[in-house]
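To start, the structure itself, in structure tokens.
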Amino acid sequence: MRPLAASLAILATACFAAHAHAAEYSKAFTVSGRPTVHVNTNDGSVRVRTADTNQVQFRVEYKGLTLDKNLHIDATQQGDQVQLTLHIQWEPISLGFRKLRIEVLMPKDGDLAVDTSDGSIDVADLKGNVDLRSGDGSLTAISVKGLMKLKTSDGSITGESIDGSLDAASGDGSIHLDGRFDELKVKAGDGSVTATVQSGSKIDSGWSIVSGDGSVEVTLPKDLKADIDASSGDGHVTSDISLVVQGNFSKSKVRGKLNGGGAPLSIHTGDGSIRLREG
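Residue numbering for the sequence shown follows this note's numbering, starting at 33 and increasing by one per position.
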């Protein structure tokens with residue numbers, strides 16, 4: 033082997049070994065009541081799970097970063113309020129692989145707010161007020177009950193076994209939802225929307241489902257009462273449910289009462305088809 037090739041091989045092996053090693057930071061706090069947990073980071077994915085515990089535990093796994101040099105972590109507690117703040121300081125010229133992953137374990141009953149500038153957020157099995165925000169990353173909420181806000185500038189949103197009030201918005205990404213809803217506000221700037229509404233849902237003050245550019249499919253339960261207004265700027269509206277149609281209708285617009293009518297349910301897409309289905 034030539035000297036240059038041998039040197040490059042040794043360098044590559046050293047870099048791979050460095051990349052394979054992951055450092056870890058962990059901290060745990062004991063809470064006496066219902067916790068409020070905040071996670072704020074300018075980079076990195078966040079995964080939140082729950083258990084029958086009276087502790088909030090943080091675990092941060094990182095590669096290619098040095099704690100207290102280009103990675104700063106601050107974990108604090110004030111009563112039942114617990115906060116984790118992470119900040120990566122990016123150098124003008126940076127070589128090598130970098131990774132940051134945050135894991136949270138908290139009680140099943142508690143409030144949660146997560147904000148990451150760049151990364152996905154995944155939450156499961158939580159009852160409380162939930163606010164998830166990502167500048168660039170997907171959002172996933174499974175078996176969450178309460179008042180929820182899910183917002184990402186660029187990424188998909190998935191909500192399954194949801195129970196409560198939901199405000200979901202993606203600037204660029206599809207949205208898939210399934211649950212029992214008291215309030216529902218959905219907006220996809222560029223992406224399709226699929227929403228399955230389970231029995232027991234109630235429209236009290238009006239729901240809105242909007243896509244700027246994408247198809248919309250909404251499945252509604254037999255016991256839901258609503259005044260439906262569905263329209264597409266450049267697409268068809270089809271319905272498999274029985275509606276008492278109001279006013280004029282066309283291939284791109286349908287208005288009607290479901291089960292005698294109720295609060296308004298507005299469904300709109302700028303460019304795409306809309307399909308209403310019976311669950």
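Cβ coordinates follow ideal geometry from the N, Cα and C atoms, glycine included.
DSSP-derived helix/strand/coil call for residue i
i, result
"Gly-288", "strand"
"Gly-179", "For the sequence presented, residue 179 should be read as Leu rather than Gly. In the structure shown, Leu-179 sits in a strand (DSSP, three-state: E or B)."
"Arg-212", "strand"
"Gln-113", "strand"
"Lys-217", "strand"
"Gly-302", "coil"
"Ile-134", "strand"
"Asp-222", "coil"
"Val-162", "strand"
"His-53", "coil"
"Leu-36", "Caution applies to Leu-36, whose pLDDT of 42 falls short of 50 and renders its modelled position unreliable; the value that the coordinates give is listed next. Here Leu-36 sits in helix by DSSP."
"Arg-322", "Nothing in the structure corresponds to residue 322, since the chain is present only between 33 and 311."
"Asn-74", "coil"
Beta-carbon proximity check, residue i vs residue j, cutoff 8 Å
i, j, result
"Asn-72", "Thr-117", "yes"
"Arg-212", "Gly-232", "yes"
"Gly-187", "Gly-160", "no"
"Asp-163", "Arg-81", "no"
"Asp-112", "Pro-67", "yes"
"Ser-263", "Ser-284", "yes"
"Asp-75", "Ser-149", "yes"
"Val-250", "Val-269", "no"
DSSP beta-bridge partners of residue i
i, result
"Thr-85", "DSSP, once it has assigned bridges, lists no residue as partnering Thr-85."
"Ile-174", "Ala-156 and Glu-192"
"Ser-59", "The displayed chain sequence assigns Lys, not Ser, to residue 59. DSSP lists Phe-90 as partners of Lys-59."
Start and end residues, beta strand (DSSP E) containing residue i
i, result
"Lys-159", "153-159"
"Phe-281", "Here Phe-281 belongs to no beta strand (DSSP E), and DSSP marks it neither H nor E."
"Val-229", "225-229"
"Gly-196", "189-202"
"Ser-243", "239-243"
"Ile-295", "The residue you asked about is not Ile; residue 295 is Ala in the sequence shown. It is not in any beta strand (DSSP E) - Ala-295 carries neither H nor E in the DSSP assignment."
"Ser-263", "258-264"
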